[in-house]
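S.K.:
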Amino acid sequence: MKLNPRKLPVPPGSGGRLSALAAALLCLSAPAFAAEPADLVFTGGLVYTVDAKGHVAQALAVKDGRIAFVGSDREARDHIGAGTRVVPLGGRMLMPGLIDGHMHPMGGGEGTLRCNLDYKPLTVAQLQDKVRACLADMAGKGEEQEWLQVVNWDRQATAAGDRDPTLSDLDALGGKRPIIVTSIDGHSRLNNSAALAAAGIDASTPNPTGGLIAKDAQGHLTGMLEDGALLFSDKAVPAPTEAERLQFARIALDLLRRQGVTSFLSALSDEAEVATFAQLSKAGELTARASFAIKVDPKDSDDPAHAVAAVHDIAARYTESPTGARPSVDVHTIKLWMDGVIASPAQTAALLAPYKVNHGSHTHQNWRAGPSSGQSYFTRAQLDGMLEQAAKAGLDVHMHAIGDATVRLALDAVEHERGRAPQSGLRPAIAHAELVDPADYRRFKALDVTAVMSFQWAQRAPYSIEAAEKPLGPERFGRMEPEGSLQGAGTRIAYGSDWPVDPLAYFYNLRVGLTRSGDPTHPAGFGPKYAGRLNQDPLLKRGDALRAITANSAYQLRMEDRVGSLEAGKLADLVVLDRNFMTAPLNKLAYTQVLLTMVGGQVVWAAPPFN
């Protein structure tokens, strides 16, 4: 049977949640009365519920946008009436919709329309060729005076395969228009002279809090801005119009539903982004449940009560009370960007011990401790104040912490807050945690901190090999990307793609978590040069990876009572896959395709045979 995307009606639901009695009745396997016919029944499949016991069923029924039944094909007959649509799964896997616990949807949508370097490993000359082509294209459209914004640049690959480019490489392309080239991780941006001038930056401009304006040994600007310094050009670049923001969001939602994403957290957000998605929600165009973490800068955290009040105001004005089963907008999280990245040449993540530097030559290397350990952008006092005020306001905190020093700082602040208000209900999350001191592994569980991890980073790539292996040294590199160690210590791990830092390729990324290696043949892979396992940190099990991108992310987003598992009474957010994630060969797993995406009982994406 074929289903048309976005054609299934979603009758008005009960509002927030089912009553305890109603939920209990729905969960009865042998009801005392005839079941009311469902709107839709899936049969003949492998229904991976991701409930507490990991049950697998054959059939699932949907009524009024909610799951009315999960069980056997035989029992499902009680839910089939004259008007019920019956969809045979043909043995395919049906699972909860994907919940991305850390991403940047507006940037992902916008990137498809910019001068896009597509994550390619480019030399400086190749980078210039790509930018030159974009300049010519814009000139042909009469846009030769506008800023050229170049995205998805793999800085580590360029630096490893050639050298780190400078503003002179962009100035050599001629013209007076501002050009900015942003790295895939969003932590570095190369500017030409015109862009620096437009941003008001010269050699005397001081480094901002949490950022760096790079200079060479002679004190001349290199054109590179790191972390907080990107705000200079952010403010200089003309802001997108409302129409452009809506276009970016629509593109992102389309890409996400094709990938099976039914809920997400935009992890570095502001009011303009929230307002854009709220507008789409009111127009009935929202096809995923949208949560937002509002960024608070270090300088603003000196007055934590004021900073948190500003976020609370955004939450109060834009958070929508769930109506029936339709997706809505939710703001309940503060984002604290606490350090940078480990990868050279930036090395802005804060470490407990210094980065190593080659004190020898290219042919006779001698890697020893250098002068820098990176920098944490927040002080302990600032963090303590932010967590206390967030808890009092009923908001959660999502902390970007990559280096082991910053991870410890975040855990120490959470420990302090747990001691101050053990019953506050605060749900803190630490995103990325690429390097964690082993002494801190068990603190995540003890302090009830969710680790939001991007599994695809646990593969050999320019950012992990050339840019990190020797600067970290063998001991630290051996425990880089510690998903397995954290899982073994009982940590709740949620998955976050960090898109568009990496291509949108969920099942490739999950496969990396299972193998700690890339697939050289996959479009999202890095080729044969980077084949093999990253290090010996333990591998994730398939069930753990699946739970990370469903139930655990739902908990992080405070949605575990509504989504994240397939149980009677919960919202019908689900996907159908073309293969069984739990049993497919590892060399085929990365190529898993989503055949159907349903949000609140409404089909928002379908491919053959469901289209």
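When the letters of the sequence shown are read in order and numbered with mature numbering (1 follows the signal peptide of the UniProt record, and there is no 0), they come out as residues -34 to -1, 1 to 577. C-beta atoms are modelled at their ideal positions from N, C-alpha and C, and glycine is treated no differently.
So that I know if they touch, is there some Cβ in chain D lying closer than 7 angstroms to that of Ser430?
M.R.: The chain labelled as chain D is not found in the depicted structure, where only one protein chain is given.
S.K.: Less than 7 angstroms between the beta carbons of Val295 and Phe243, yes or no?
M.R.: Residue mapping note: residue 295 aligns to position 329 of the sequence shown, counting from 1. Residue mapping note: residue 243 aligns to position 277 of the sequence shown, counting from 1. Yes, the Cβ-Cβ distance between Val295 and Phe243 is below 7 angstroms.
S.K.: Does the separation of the CB atoms of Thr89 and Gly127 fall below 7 angstroms?
M.R.: Residue numbering aside, residue 89 sits at position 123 when the sequence shown is read from its first letter. Residue numbering aside, residue 127 sits at position 161 when the sequence shown is read from its first letter. Yes, Cβ-Cβ distance for Thr89 and Gly127 is below 7 angstroms.
S.K.: So for Leu(-27), helix, strand or coil by DSSP?
M.R.: Residue numbering aside, residue -27 sits at position 8 when the sequence shown is read from its first letter. Low local confidence applies: a pLDDT of 31 at Leu(-27) is under 50, so the model's placement there is unreliable, and no value is given.
S.K.: Apart from the five residues on each side of it in sequence, which residues of its chain come closer than 8 angstroms, Cβ to Cβ, to Lys142?
M.R.: To locate residue 142, count along the sequence shown from 1; it is residue 176. Excluding sequence neighbours, Lys142 sits near Ala160.
S.K.: In whole angstroms, what is the alpha-carbon distance linking Gly189 and Phe258?
M.R.: Your numbering for residue 189 matches position 223 in the sequence shown. Your numbering for residue 258 matches position 292 in the sequence shown. Distance between the alpha carbons of Gly189 and Phe258: 32 angstroms.
S.K.: Taking 7 angstroms as the threshold (C-beta atoms), are Val418 and Ala395 in contact?
M.R.: For this step, residue 395 is matched to residue 429 along the sequence shown. For this step, residue 418 is matched to residue 452 along the sequence shown. Against a cut-off of 7 angstroms, the Cβ pair of Val418 and Ala395 comes out as a contact.
S.K.: Per DSSP, Glu192 forms a beta bridge with which residues?
M.R.: Taking the first residue of the sequence shown as 1, we reach residue 192 at position 226. Answer is Ser154, Leu178, bridged to Glu192.
S.K.: Going by beta-carbon coordinates alone, are Leu543 and Thr563 separated by less than 7 angstroms?
M.R.: Position 577 of the sequence shown, counted from the start, is the residue given in the question as residue 543. Position 597 of the sequence shown, counted from the start, is the residue given in the question as residue 563. No.
S.K.: In terms of DSSP beta bridges, what is Phe230 paired with?
M.R.: Position 264 of the sequence shown, counted from the start, is the residue given in the question as residue 230. Paired residue(s): Asp66, Ala256.
S.K.: Alpha carbon to alpha carbon, what distance is there between Asn577 and Leu55?
M.R.: By 1-based counting over the sequence shown, the position of residue 55 is 89. By 1-based counting over the sequence shown, the position of residue 577 is 611. So the alpha carbons of these two residues sit roughly 13 angstroms apart.
S.K.: Output needed for Trp571: all residues of its chain with C-beta closer than 6 angstroms, excluding positions within five of it in sequence on either side, in chain order.
M.R.: For the purposes of this step, residue 571 is taken as the residue at position 605 of the sequence shown. The residues are Pro(-30), Arg223, Arg224, Thr563.
S.K.: Roughly how many whole angstroms lie between the Cα atoms of Glu210 and Trp465?
M.R.: Sequence index remark: in the sequence shown, residue 210 carries index 244 (1-based). Sequence index remark: in the sequence shown, residue 465 carries index 499 (1-based). Going by C-alpha positions, Glu210 is about 19 angstroms away from Trp465.
S.K.: For Arg334, which residues in the same chain have their Cβ closer than 8 angstroms to its Cβ, ignoring the five residues on either side in sequence?
M.R.: If you number the sequence shown from 1, residue 334 lands on position 368. The answer, listed in chain order, is Lys322, Val323, His325.
S.K.: My output table needs one value for Phe(-2): the three-state DSSP class, helix, strand or coil.
M.R.: Taking the sequence shown and counting its residues from 1, one reaches residue -2 at position 33. Note that Phe(-2) scores 46 on pLDDT, short of 50, meaning its location in the model is unreliable; the coordinates nonetheless yield the value given after this. Phe(-2): coil per DSSP, three-state reduction.
S.K.: Let me check understanding here. Comparing Cα to Cα, which of Ala399, Val380, Leu221, Val240 lies closest to Gly306?
M.R.: Residue 306 sits at position 340 when you count from the first residue of the sequence shown. The residue with the shortest Cα to Cα distance from Gly306 is Ala399.
S.K.: Select from Thr171, Gly176, Trp113, Arg98 the residue whose C-alpha is nearest the C-alpha of Gly140.
M.R.: In the sequence shown, the residue the question calls residue 140 occupies position 174. Among Thr171, Gly176, Trp113, Arg98, the Cα nearest to that of Gly140 is on Arg98.
S.K.: Would the stretch 518 to 525 count as touching the stretch 65 to 81 if we require 3 or more Cβ pairs under 8 angstroms?
M.R.: yes
S.K.: According to DSSP, is Tyr14 helix, strand or coil?
M.R.: Translated into the one-based positions of the sequence shown, residue 14 becomes position 48. Residue state, collapsed to three classes: strand.
S.K.: Select from Arg482, Leu26, Pro144, Lys265 the residue whose C-alpha is nearest the C-alpha of Arg40.
M.R.: The residue you call residue 40 lines up with position 74 of the sequence shown. Arg40 has its Cα closest to that of Leu26, out of Arg482, Leu26, Pro144, Lys265.
S.K.: Among Ala273, Ser531, Arg255, which residue has its Cα nearest to the Cα of Pro71?
M.R.: Here the question's residue 71 lines up with position 105 in the sequence shown. Among Ala273, Ser531, Arg255, the Cα nearest to that of Pro71 is on Arg255.
S.K.: Using a Cβ-Cβ cutoff of less than 6 angstroms, which residues in the same chain neighbour Gly567 once the five nearest sequence positions on both sides are dropped?
M.R.: Within the sequence shown, the letter at position 601 stands for residue 567. The residues are Val(-25), Val28, Gly31, Ala291, Ala538.
S.K.: Within a Cβ cutoff of 6 angstroms, which residues of the same chain sit near Gly74, ignoring the five residues on either side of it in sequence?
M.R.: Position 108 of the sequence shown, counted from the first residue, corresponds to residue 74. Beyond the five residues adjoining it in sequence on each side, Gly74 comes within less than 6 angstroms, by CB distance, of Ala218, Trp465, Pro466 in the same chain, given in chain order.
S.K.: Ala319: which of Ser327, Ile308, His328 sits nearest, CA to CA?
M.R.: As a working mapping, residue 319 is identified with position 353 in the sequence shown. Ranking the options by Cα distance to Ala319, first place goes to Ile308.
S.K.: Let's test the definition: count the other Cβ atoms within 10 Å of the Cβ of Gln341 and tell me whether it reaches 16, buried, or not, exposed.
M.R.: Position 375 of the sequence shown, counted from the start, is the residue given in the question as residue 341. Label assigned to Gln341: buried.
S.K.: Cα separation between Thr299 and Lys201?
M.R.: Residue numbering aside, residue 299 sits at position 333 when the sequence shown is read from its first letter. Residue numbering aside, residue 201 sits at position 235 when the sequence shown is read from its first letter. Near 24 angstroms, if we compare the C-alpha coordinates of Lys201 and Thr299.
S.K.: Taking the alpha carbon of Val147 as the reference point, which residue from Leu114, Gly176, Asn173, Gly166 has its own alpha carbon closest?
M.R.: Position 181 of the sequence shown, counted from the first residue, corresponds to residue 147. Answer by Cα proximity: Leu114.
S.K.: Can you give me the C-alpha to C-alpha distance between Arg386 and Leu361, rounded to a whole angstrom?
M.R.: As a working note, residue 386 is residue 420 in the sequence shown. As a working note, residue 361 is residue 395 in the sequence shown. The straight-line gap from Cα to Cα measures roughly 16 angstroms.
S.K.: In the structure shown, what three-state DSSP assignment does Ser247 receive?
M.R.: The count along the sequence shown starts at 1 and reaches residue 247 at position 281. Of the three classes helix, strand and coil, the one that applies to Ser247 here is helix, per DSSP.
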